[in-house]
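Take a look at the structure below.
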Amino acid sequence: MSTAPTLLVTGASGHLGRAALDYLLDQAGVPPARLIATTRDPARLQDLAARGVQVRAADFDRPQTLDAAFAGADRLLLVSTDSLLEPGQRLRQHREAIDAAVRAGVGHVVYTSMPKPEPGSPLLFAADHYGTEQALAGSGLAGWTVLRNAWYFENLFLSLHQVLAGGRWYSAAGEGRIAHIARQDLAEAAAIALASDFTGTRTLTLTGSEAFTTREIAALVAATAGKPIEVVDVPVAALADGMRQAGLPGQLPEVFASFDSNTAAGGLAEVTADFQALTGRAPLPYRQWLERNRQAIAAA
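In this note's numbering, each residue's number is its place in the sequence shown (first place is 1) plus 10.
In structure tokens form, the structure reads like this:
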């Protein structure tokens, strides 16, 4: 009789990692003793520790912390980090985590990537995801699952205050479309992939069920907020300049502006059925997400 696997979630104090853990505990019914949550700051997860989850310190910039953090894990969810200020740092972090997973004898790694990260993508951090996917493929791990996650609906809140305050949405995305999906849906999908008995290798692209242009999104948001929004087309360089003037440091203006370049090139337009195939249900539609978040949107 086989022993039930021990499941590990990295970045467990972040939005996606924590939501995946909550799903495993509260919806999937995984016993806390079978769960490991890693974070740079274990103090932030004391409530999980109190429930019986093994909370461990892990810092991808300090690889010496990873062997002990990953010890005993059978399946591991590697949540991509948010290290974008230093070029190459994110990929180094992910490679260190994969190497540590191999040393720890982890049988399966689930990784959160992005749609179409292959060479040639206009998105400046696409190479981090593609490099990580290549590292997984060459790692010698018995199995892995790559979840190519579309952009969160929640990304709207990164700029919504400025958009509503000025009534203008500056965009270099043209008529490109994005098949957004709710972060909670992606967390559930990651948890399901982690807890599954799948042992091979696979790549899934998880998207919403519809893809919208920036103008269509702006119209939906304006109707929800009860405030007008005008989409103003600008070159990508001007978009980056505006972000720099707003105070974004380092290469972040160019990185965030490349979101629009990628959208314009069709990098996020694909709609797939992979989410439903993995979870057994359809993703939350954009209009329903907007309605659920109407109060927060109006107050932005």
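For every residue, glycine included, the Cβ atom is placed at its ideal position computed from N, Cα and C.
Worksheet item: The alpha helix (DSSP H) spanning Gly141 covers which residue range?
Response: Residue numbering aside, residue 141 sits at position 131 when the sequence shown is read from its first letter. Counting along the chain, the alpha helix (DSSP H) containing Gly141 begins and ends at Ala136 to Ala147.
Worksheet item: If we ignore side chains and look at the alpha-carbon of each, how far apart do Ile227 and Lys126 end up?
Response: Numbered from its first residue, the sequence shown carries residue 227 at position 217. Numbered from its first residue, the sequence shown carries residue 126 at position 116. C-alpha separation (whole angstroms): 22 Å.
Item to complete: Taking 8 Å as the threshold, find out whether the stretch 46 to 53 comes into contact with the stretch 110 to 121 through three or more Cβ pairs.
Response: Below 8 Å, too few C-beta pairs join the stretch 46 to 53 and the stretch 110 to 121 to call them touching: fewer than three.
Worksheet item: Taking the alpha carbon of Arg61 as the point to measure from, which residue in Pro42, Leu76 and Ala67 has its own alpha carbon closest?
Response: Position 51 of the sequence shown, counting from 1, holds the residue named residue 61. The candidate whose alpha carbon is nearest that of Arg61 is Pro42.
Worksheet item: Any idea what DSSP makes of Ala67, helix, strand or coil?
Response: Counting from one through the sequence shown, the residue named residue 67 turns up at place 57. The answer is strand: DSSP assigns Ala67 an E or B state.
Discussion item. For Ile46, list the residues DSSP reports as bridge partners.
Written reply: As a position in the sequence shown, residue 46 is number 36, starting the count at 1. As DSSP reads the structure, Ile46 sits in a beta bridge with Leu18 and Gln64.
Fill in: Whole-angstrom distance between Gln74 and Glu280, CA atom to CA atom
Within the sequence shown, numbered from 1, the residue matching residue 280 stands at position 270. Within the sequence shown, numbered from 1, the residue matching residue 74 stands at position 64. Approximately 40 Å, taken between the alpha carbons.
Worksheet item: If you scan the stretch 59 to 128 from start to end, which runs of the alpha helix (DSSP H) of 4 or more residues do you find wholly inside it?
Response: 76 to 80 and 99 to 114
Worksheet entry | Gly27, DSSP secondary structure in three states | Locating residue 27 in the sequence shown gives position 17, counting from the first residue. Reduced to three states, the DSSP call for Gly27 is helix.
Worksheet item: By Cβ distance, which residues of its chain are closer than 8 Å to Leu134, with the 5 residues on each side in sequence left out?
Response: Working through the sequence shown from its first residue, we reach residue 134 at position 124. Counting only Cβ-Cβ distances below 8 Å, and skipping sequence neighbours, we find Gln261, Glu264, Val265 and Ser268.
Worksheet item: Ala14: which of Ala30, Tyr33 and Gly39 sits nearest, CA to CA?
Response: Within the sequence shown, the letter at position 4 stands for residue 14. Each of Ala30, Tyr33 and Gly39 was checked against the Cα of Ala14, and the nearest Cα belongs to Gly39.
Worksheet item: For Glu264, does the three-state DSSP call read helix, strand or coil?
Response: Within the sequence shown, numbered from 1, the residue matching residue 264 stands at position 254. Residue state, collapsed to three classes: helix.
Worksheet item: For Glu240, which of helix, strand or coil comes out of DSSP?
Response: Here the question's residue 240 lines up with position 230 in the sequence shown. In the structure shown, Glu240 sits in a strand (DSSP, three-state: E or B).
Discussion item. So, for Gly276: in the same chain, excluding its five sequence neighbours on each side, which residues have a beta-carbon less than 7 Å away from its beta-carbon?
Written reply: In the sequence shown, the residue the question calls residue 276 occupies position 266. So the list reads Gly186, once near-sequence residues are dropped.
Fill in: Any alpha helix (DSSP H) of 4 or more consecutive residues that is wholly inside the stretch 200 to 258
224 to 235 and 246 to 255
Fill in: Cut-off 6 Å between Cβ atoms - residues of its own chain near Tyr162, not counting five sequence neighbours on either side
Your numbering for residue 162 matches position 152 in the sequence shown. Result list for Tyr162: Arg193, in chain order.
Worksheet item: Which residues mark the beginning and the end of the beta strand (DSSP E) in which Tyr180 is found?
Response: Residue numbering aside, residue 180 sits at position 170 when the sequence shown is read from its first letter. First-last of the beta strand (DSSP E) with Tyr180: Arg178 to Ser181.
Item to complete: From the DSSP output, in three-state form, read off Asn159 for me.
Response: Residue 159 sits at position 149 when you count from the first residue of the sequence shown. If DSSP states are grouped into helix, strand and coil, Asn159 belongs with the strands.
Practice prompt. Indicate the three-state DSSP secondary structure (helix, strand or coil) for Asp57 in the structure shown.
Written response: Residue 57 sits at position 47 when you count from the first residue of the sequence shown. Helix, per DSSP.
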